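Student:
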Amino acid sequence: MKFQIRIFSLLLIFSFILYSGCNEDPVSPINPSGTSIGTIESNPNVLEVNNSVDVTFRFIKSAGIDLIDSLLPLFKVDASGNLTTQIGILKDNGNLSNGDEISGDGVFSGIINLTETSHGESRFAVQANYNNQGTSTLGVSQFYTIQVFSALNNSLITEITTTLSQAENTFINALGGNVSNYKTAMTQTISFLQSQPNISNVSGSDASTSIEAKFTSGLYGCISFSLANANGTVITRGGFPSDSAFQRRPKGPRISPENQTRGVNTFGAQHNAFENIDNPNLDPDIIGNRNVLIFAPYEAAFAPYNEREKIKSNLSDGQCQGFEFTELVNQDATVKSCLEMTKYGMIVFATHGSQGRWIYSAEIVDTNSSDYNDIYKPLITAGRLAIAEDVVISNSGGVQQKATVYAMHSSFFANLPGSFPNSVILNNSCESTMNADLSNAFTGKGAKTYYGYDKVVNSDFCVTIADTVSKRFARGLTTGEVYYNATDPSSPFAQFQISGDNQMKFSLSLMNGNFEVGTLEGWSKSGDGRVISQLGFVNPAQNSYMGIISTGLGFTVSSGSISQCFRVLNDQSTISLKWNFLSEEFLEYIGSQFQDYFEIRLITEGGQSIVLFRKTIDQIAADFQATEKNPGNLIYVSPGISFDQGDVYMTNWQNFSADISAYRGQVITVVFSAGDVGDSIFDTAILLDEITVQ
Numbered sequence: 000m001k002f003q004i005r006i007f008s009l010l011l012i013f014s015f016i017l018y019s020g021c022n023e024d025p026v027s028p029i030n031p032s033g034t035s036i037g038t039i040e041s042n043p044n045v046l047e048v049n050n051s052v053d054v055t056f057r058f059i060k061s062a063g064i065d066l067i068d069s070l071l072p073l074f075k076v077d078a079s080g081n082l083t084t085q086i087g088i089l090k091d092n093g094n095l096s097n098g099d100e101i102s103g104d105g106v107f108s109g110i111i112n113l114t115e116t117s118h119g120e121s122r123f124a125v126q127a128n129y130n131n132q133g134t135s136t137l138g139v140s141q142f143y144t145i146q147v148f149s150a151l152n153n154s155l156i157t158e159i160t161t162t163l164s165q166a167e168n169t170f171i172n173a174l175g176g177n178v179s180n181y182k183t184a185m186t187q188t189i190s191f192l193q194s195q196p197n198i199s200n201v202s203g204s205d206a207s208t209s210i211e212a213k214f215t216s217g218l219y220g221c222i223s224f225s226l227a228n229a230n231g232t233v234i235t236r237g238g239f240p241s242d243s244a245f246q247r248r249p250k251g252p253r254i255s256p257e258n259q260t261r262g263v264n265t266f267g268a269q270h271n272a273f274e275n276i277d278n279p280n281l282d283p284d285i286i287g288n289r290n291v292l293i294f295a296p297y298e299a300a301f302a303p304y305n306e307r308e309k310i311k312s313n314l315s316d317g318q319c320q321g322f323e324f325t326e327l328v329n330q331d332a333t334v335k336s337c338l339e340m341t342k343y344g345m346i347v348f349a350t351h352g353s354q355g356r357w358i359y360s361a362e363i364v365d366t367n368s369s370d371y372n373d374i375y376k377p378l379i380t381a382g383r384l385a386i387a388e389d390v391v392i393s394n395s396g397g398v399q400q401k402a403t404v405y406a407m408h409s410s411f412f413a414n415l416p417g418s419f420p421n422s423v424i425l426n427n428s429c430e431s432t433m434n435a436d437l438s439n440a441f442t443g444k445g446a447k448t449y450y451g452y453d454k455v456v457n458s459d460f461c462v463t464i465a466d467t468v469s470k471r472f473a474r475g476l477t478t479g480e481v482y483y484n485a486t487d488p489s490s491p492f493a494q495f496q497i498s499g500d501n502q503m504k505f506s507l508s509l510m511n512g513n514f515e516v517g518t519l520e521g522w523s524k525s526g527d528g529r530v531i532s533q534l535g536f537v538n539p540a541q542n543s544y545m546g547i548i549s550t551g552l553g554f555t556v557s558s559g560s561i562s563q564c565f566r567v568l569n570d571q572s573t574i575s576l577k578w579n580f581l582s583e584e585f586l587e588y589i590g591s592q593f594q595d596y597f598e599i600r601l602i603t604e605g606g607q608s609i610v611l612f613r614k615t616i617d618q619i620a621a622d623f624q625a626t627e628k629n630p631g632n633l634i635y636v637s638p639g640i641s642f643d644q645g646d647v648y649m650t651n652w653q654n655f656s657a658d659i660s661a662y663r664g665q666v667i668t669v670v671f672s673a674g675d676v677g678d679s680i681f682d683t684a685i686l687l688d689e690i691t692v693q
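The sequence shown begins at 0 in numbering that gives the first Met the number 0 and counts up by one.
(1) Within 10 angstroms of its Cβ, does E425 collect 16 or more other Cβ (buried), or is it exposed?
(2) Are the stretch 345-357 and the stretch 129-143 touching, with three or more C-beta to C-beta distances below 8 Å?
(3) Skipping 5 residues on each side, what residues in its chain have a beta carbon closer than 7 Å to that of L70?
(4) Does the stretch 635-644 come within contact of the stretch 569-580, defined as at least 3 CB pairs closer than 8 Å?
(5) Determine the closest residue to I609 out of R236, D658 and D595, with distance taken between C-alpha atoms.
(6) In angstroms with no decimal places, state the Cα-to-Cα distance between I67 and N651.
(7) Distance check for Q594 and N439, CA to CA, integer angstroms please.
(8) Rounding to the nearest angstrom, what Cα-Cα distance links N177 and A229 in this structure?
(9) Check whether the stretch 527-536 touches the stretch 296-306, counting contact only when three or more Cβ pairs, one atom from each stretch, lie closer than 8 Å.
(10) Going by DSSP, name the residue or residues bridged to P72.
(11) Roughly how many angstroms separate the alpha carbons of E480 and S121, rounded to a whole number?
(12) Considering only residues of the same chain and omitting the five flanking positions on each side of T691, which have a CB-CB separation below 6 Å?
(13) Am I right that R307 and C461 are in contact with their C-beta atoms under 8 Å? What's the rounded C-beta distance?
(14) For a test of your reading of the model: does the CB of A300 fall under 6 Å from any non-hydrogen atom of the ligand ZN? Yes or no.
(15) Rank I222, A184, T183 and S216 by C-alpha distance to the C-alpha of S202 and give the top, closest one.
(16) With burial defined as no fewer than 16 other Cβ atoms inside 10 Å of the residue's Cβ, what is the status of D389: buried or exposed?
(17) Would you mind stating whether I358 and M407 have Cβ atoms separated by less than 7 Å?
(18) Excluding the 5 residues preceding and the 5 following N629 in the sequence, name in chain order all residues of the same chain whose CB lies nearer than 8 Å to its CB.
(19) In whole angstroms, what separates the C-alpha of P539 from that of S498?
(20) DSSP three-state call for T442: helix, strand or coil?
(21) Pick out the complete beta strand (DSSP E) segments inside the stretch 326-383, 3 residues or longer, and give them in chain order.
(22) So V404 packs on I171, CB below 8 Å; how close in whole Å?
(23) Return the CA-CA distance between G175 and M185, expressed in angstroms with no decimal places.
(24) Pull up the distance between the alpha-carbon of S61 and that of Q653, whole angstroms please.
(25) Give the DSSP-derived three-state secondary structure of V456 in the structure shown.
(26) On the DSSP bridge assignment, give the partners of C564 in chain order.
(27) Tell whether a beta-carbon distance below 7 Å holds between S562 and T668.
(28) Going by the DSSP bridge assignment, what does K401 pair with across the sheet?
(29) With 16 other CB atoms within 10 Å as the buried threshold, where does R474 fall?
(30) Straight-line CA distance for I548 to D675?
(31) Could you check the C-alpha separation between K376 and T366 for me, to the nearest Å?
(32) In whole angstroms, what separates the C-alpha of G546 from that of L611?
(33) Identify, in the order they occur along the chain, each residue of the same chain with its Cβ nearer than 7 Å to the Cβ of F322, setting aside the five sequence neighbours on each side.
(34) Name the two residues that bound the continuous alpha helix (DSSP H) containing V481.
(35) Helix, strand or coil for Q618, going by three-state DSSP, please let me know.
(36) F411 lies in the beta strand (DSSP E); which residues open and close that run?
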């Protein structure tokens, strides 16, 4: 792990947000004619006019392309597809000062200061020479587009919050201290907003307790009203239940302003069928991985009706022990935390929702924050984020709590980077299937199955659904078998709904053991685990790709592991693979307390952990007759391969196999881990390839 991470981590904390064009439908990048030598990404990739920003560009070399050049020029591209001005150089040198994490991995990086002077599109391309059957040929990358938006004046944010505050006062005055007047209050509030000259469109009705307003500036504002009981607890996840339903709910603790319940709307839109977008490299019926994201910004508000622990327990107690969980809870569930969402095979939202178009974070709007200035402003201008007033009404008709937070539009999710790996989405928020916008956004990015509710939903029903769904997934059922026709027993009686593919399930066969999909499809990841096409001069053991786990290379701070569970068939008896151990701890720290290691272990259905293989620095040194002063049979690979602190030696590709016939008929999980003992300064990486079960 590198000490420079503190200096440069902010440059990469942003996730890539794919350009969508002037509308909010995802658009494929325009590509040059001829052979593409690779693709480009940037961090960030939405910008404001006349705002000077350091942008981290990355060029990812295509598999099978043998580059001759080591310094790759990055060009602007004009409207006719011509490369014009060179704006910088990208390097594959492992130097964090130019944004590069690993030397020689086929990813070239550069940090380039950009100031775009007009709104619209800015396009970029890399040009480099490559070996084309012995002939040096000049190639060009796919064109990459950054959307540039007009500058956002903070006065427009003030205009939104002021108008929404006036709407809130209109609602409270119309209630007149009697919450049963909420329909009249909503009608008057909507009429007030419709009469404002700075608002072009208002979505809402007297059956609803949330409103969406589009301002003449093109920006969005949302306001939601939720009802609390005498004890200060919001029982539903938004909305005004009937008196009988409200009275029979149990009471709970008072909720802080930053942890309010989710917003609601009771529009009578029809539940629609949704289009599915295929991921051509993935098995069409298999959920891409067992990485699970639980997004729960209002967990404190929903207590005791929270689903997170039940989901974790149910999935972990099933046949497969290979689930990895990322939990974004309360104030950790920010907008920024959603920007890498496409790497998860299963996502659960436990938050506010509105109209099938909006998902709330609990992140308080702060126009002085770096995230607002560096990330959120162009997203607000693009209509992908709204300024939302989240208001809790006491049972006496006054404002109990309120907060100004960000709400994420369906277009925010439609323009996330990459594709979802055949993911399953459980949207435990109100009105999440009221219309098709959110479902279309996710399925348009590669998700296959989407679950939600047609209207306001109560928290305890959400917990029941999540409990049942996770138990059924843990049993290996398909998405259609997981679904069941259920209706919330309490007002307003939301219906649980499914859209998309009914045949998706988690795999119980070892898949992508050679990593030739080019991603970690099938593998759950913790810490630093990735797929690469090369590491310096070291190529995969076969074909185009290999896996890599490490003790924390580049900006990654934690040791890595990848895992996968599978059923051992009656004719299978052996697991085998190839591995290559590279470390900076050779030779200097042979015989010391600093002992990085590589471990392979199995986890049974019952949770028993069996170590199949474990080698430390000293044990590998002994196997290769290496000492502190003599490399023996270890291979010196620097400067062609360098991590951070010292020279690197490697074992080269080694074979491993183990007998697993004792587990025939059982589901087991295999875990490959890189470990750090003694310090986290000198890095170790293990390459993996040709993992098979026969």
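Glycine included, each C-beta is placed from N, C-alpha and C at the ideal position. Given the structure is predicted, the values throughout are model-derived calculations rather than measurements.
Tutor: By the coordinates alone:
(1) Position check: residue 425 holds Leu in this sequence, whereas Glu was assumed. Buried, since its Cβ has 16 or more Cβ neighbours within 10 Å.
(2) no
(3) I88 and K90
(4) Of all C-beta pairs linking the stretch 635-644 to the stretch 569-580, fewer than three are shorter than 8 Å, placing the two stretches out of contact.
(5) Shortest Cα-Cα distance from I609 to any of R236, D658 and D595 involves D658.
(6) 24 Å
(7) 49 Å
(8) 13 Å
(9) no
(10) P72 is bridged to I88.
(11) 46 Å
(12) G512 and S575
(13) About 11 Å separates the two Cβ atoms, so there is no contact after all.
(14) Absent from the structure shown: the ligand ZN. Ligands present: none.
(15) Selected option, being the one with the closest Cα: I222.
(16) buried
(17) yes
(18) L586
(19) A straight line joining the alpha-carbon of P539 with that of S498 spans about 40 Å.
(20) If DSSP states are grouped into helix, strand and coil, T442 belongs with the helices.
(21) 345-348 and 357-363
(22) That pair is no contact at about 19 Å.
(23) 13 Å
(24) In this structure, the straight-line span from the alpha carbon of S61 to that of Q653 is close to 26 Å.
(25) coil
(26) T668
(27) yes
(28) V390.
(29) Its Cβ having fewer than 16 others within 10 Å, R474 is exposed.
(30) 12 Å
(31) Rounded to whole angstroms, K376 to T366 spans 9 Å at the Cα level.
(32) 19 Å
(33) Listed in chain order, the non-local C-beta contacts of F322 below 7 Å within the same chain comprise R289, V291, L314, S315 and S523, local neighbours out to five positions each way being set aside.
(34) T478 to V481
(35) helix
(36) It is not in any beta strand (DSSP E) - F411 instead sits in the alpha helix (DSSP H) that spans S409 to A413.
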